[in-house]
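Trainee: Numbering (the UniProt record's numbering), first residue to last: 1 to 434.
Just so it is clear, CB atoms sit at the ideal spot from N, CA and C, and this is done for glycine as well.
All values reported here derive from a predicted model rather than from experimental measurement.
Please see the structure below; I have some questions.
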């Protein structure tokens, strides 16, 4: 309520005639005044401006009452009153400060070393908090030696067996939280890299080797952590998963979303490992004050597959058929039906200087015969093997298959050397020659 500090004058000659007055507001974040209400010479107050109409009233003596105050209402409230002759009589200004009630405070413990701990007192909501630290009911400005107080942060020596309290207040609320004993688990700045070996198609777990700290004053508040990977064939890190301060792990990056999970203690589990997953897996953990606590690196080695096989000789006679086997099992995407490795069959004939493309398969596993005269006398099996019919001496040469990963990077390469032998006529007569 903004009171009308002067008694309004009533005309002694005309009943009901009184001072005219106006209520206005100049909010802190605006440059102009807004009219809230005014009263005419017949003492009829009118609510005038915007959203004040439904949440304000003016009493008979001219006082202004506002309901459901918000932080938006902070500002200068000005009332001007005229005398009965319509000349300025007086003006009064009220400065309204809005403070949001404080939420329950929490104390966060950060272990800087084995001898020192840093306590931080926080509120999740509220305005203009003022913090005071108390031990055994006594206000602590300094803990000597070797502690110190800096606003809502206090440094205490370990062990610290006494009860310590944080009192926080503003002009509308005052609250307190206490901590009976300060404990600090062990921690590490950075662990040595650890090698992990896994086979293709298996699953692997990257353990969280440190016990995550839980806030002793607010249930669910814990260390933030992030899992990232830097694959051997890339220059940048990819974020796999991270957990916020409420212990909710979120799978964050790309194709890991459907084949990974994070346990309650922060360990990372990957399923259906491929050679594409090899690399450095890094976990970083922050303390409850959002400062780096420790970091750990795991180096994942995926066994199986080959980058490039040695050339393999294949001998065939003219007019026969020959098969070039796909020696690696093609990977099928587990997230999109029909998505698989792209592969290409090419040939560099001995008497030519360039390669010819015979067949290739797209990401939907559809092999297409691509080049020239191979189209009517070749086929590609479901597993990617190439079959040629009616071999001629013209077909001799290097047959090369290249396969890409699901991420479209080179996976492996195989070379076959095809030697075509001339078929000699039989020395015995056949029915056709008689």
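Going by DSSP in three states, residue 375 sits in which element: helix, strand or coil?
Mentor: Looking at residue 375 - three-state DSSP - the assignment turns out to be helix.
Trainee: Unbroken beta strand (DSSP E) runs of length 3 or more, entirely within the segment 2 to 89: which are they?
Mentor: Those beta strand (DSSP E) runs which fall completely within the segment 2 to 89 and span 3+ residues are 21 to 27, 34 to 39, 45 to 47, 56 to 58, 64 to 66 and 75 to 82.
Trainee: Counting Cβ pairs closer than 8 Å, one from the segment 372 to 391 and one from the segment 354 to 361, do we hit at least three?
Mentor: Touching, per the Cβ criterion.
Trainee: Going along the chain, which residues of its own chain have a beta-carbon closer than 7 Å to the beta-carbon of residue 195, five neighbours each way excluded?
Mentor: Correct list, in chain order: 299 and 301.
Trainee: Tell me whether the beta-carbon of residue 119 lies closer than 8 Å to the beta-carbon of residue 109.
Mentor: Yes, the pair counts as a contact, with Cβ atoms nearer than the cut-off.
Trainee: Checking 8 Å against the spacing of the C-beta atoms, do residue 321 and residue 414 come in under that value?
Mentor: Taking 8 Å as the Cβ cut-off, residue 321 and residue 414 do not qualify as a contacting pair.
Trainee: For residue 414, which beta-bridge partners are listed by DSSP?
Mentor: Its beta-bridge partners are 401.
Trainee: DSSP three-state call for residue 313: helix, strand or coil?
Mentor: Strand at residue 313.
Trainee: For the structure I just gave you, are there three or more beta carbon pairs, one from the segment 268 to 279 and one from the segment 95 to 106, closer than 8 Å?
Mentor: Touching, no.
Trainee: Is it buried or exposed, residue 244, if we count other Cβ atoms within 10 angstroms and call 16 or more buried?
Mentor: Classification for residue 244: exposed.
Trainee: On the criterion of 16 or more Cβ atoms from any shown chain inside 10 Å, does residue 409 qualify as buried, or is it exposed?
Mentor: Under this definition residue 409 is an exposed residue.
Trainee: Taking the straight line between their C-alpha atoms, what separation do you get for residue 44 and residue 64?
Mentor: For residue 44 and residue 64, the distance between alpha carbons rounds to 13 Å.
Trainee: Pull up the DSSP beta-bridge partners for residue 299, would you.
Mentor: 195 and 280, per the DSSP bridge assignment.
Trainee: Taking DSSP as the reference, what is the three-state secondary structure of residue 421?
Mentor: In the structure shown, residue 421 sits in a strand (DSSP, three-state: E or B).
Trainee: Distance, Cα to Cα, residue 375 vs residue 198?
Mentor: The straight-line gap from Cα to Cα measures roughly 41 Å.
Trainee: Buried or exposed: which applies to residue 87, given that a residue is buried once 16 or more other Cβ atoms fall within 10 Å of its Cβ?
Mentor: Under this definition residue 87 is an exposed residue.
Trainee: Using 8 Å as the threshold, is the segment 77 to 91 in touch with the segment 154 to 174, meaning 3 or more CB pairs across them?
Mentor: No, the segment 77 to 91 is not in contact with the segment 154 to 174.
Trainee: With a threshold of 7 Å (Cβ to nearest heavy atom), would residue 384 be considered close to the ligand SAH?
Mentor: Among the ligands in the structure shown, none appear at all, so the ligand SAH cannot be discussed.
Trainee: Can you tell me whether DSSP reads residue 128 as helix, strand or coil?
Mentor: It is coil, neither helix nor strand.
Trainee: Report the CB separation of residue 267 from residue 193 in whole angstroms; it is logged as a contact under 8 Å.
Mentor: Not a contact, Cβ separation roughly 17 Å.
Trainee: Look at residue 417 and residue 314 and say whether their C-beta atoms are less than 8 Å apart.
Mentor: Contact flag set, yes.
Trainee: In the structure shown, what three-state DSSP assignment does residue 238 receive?
Mentor: Note: residue 238 maps to strand in three-state DSSP.
Trainee: Reducing DSSP to helix, strand and coil, say where residue 286 ends up.
Mentor: In the structure shown, residue 286 sits in a strand (DSSP, three-state: E or B).
Trainee: Tell me whether the beta-carbon of residue 151 lies closer than 8 Å to the beta-carbon of residue 230.
Mentor: No. Outside cutoff.
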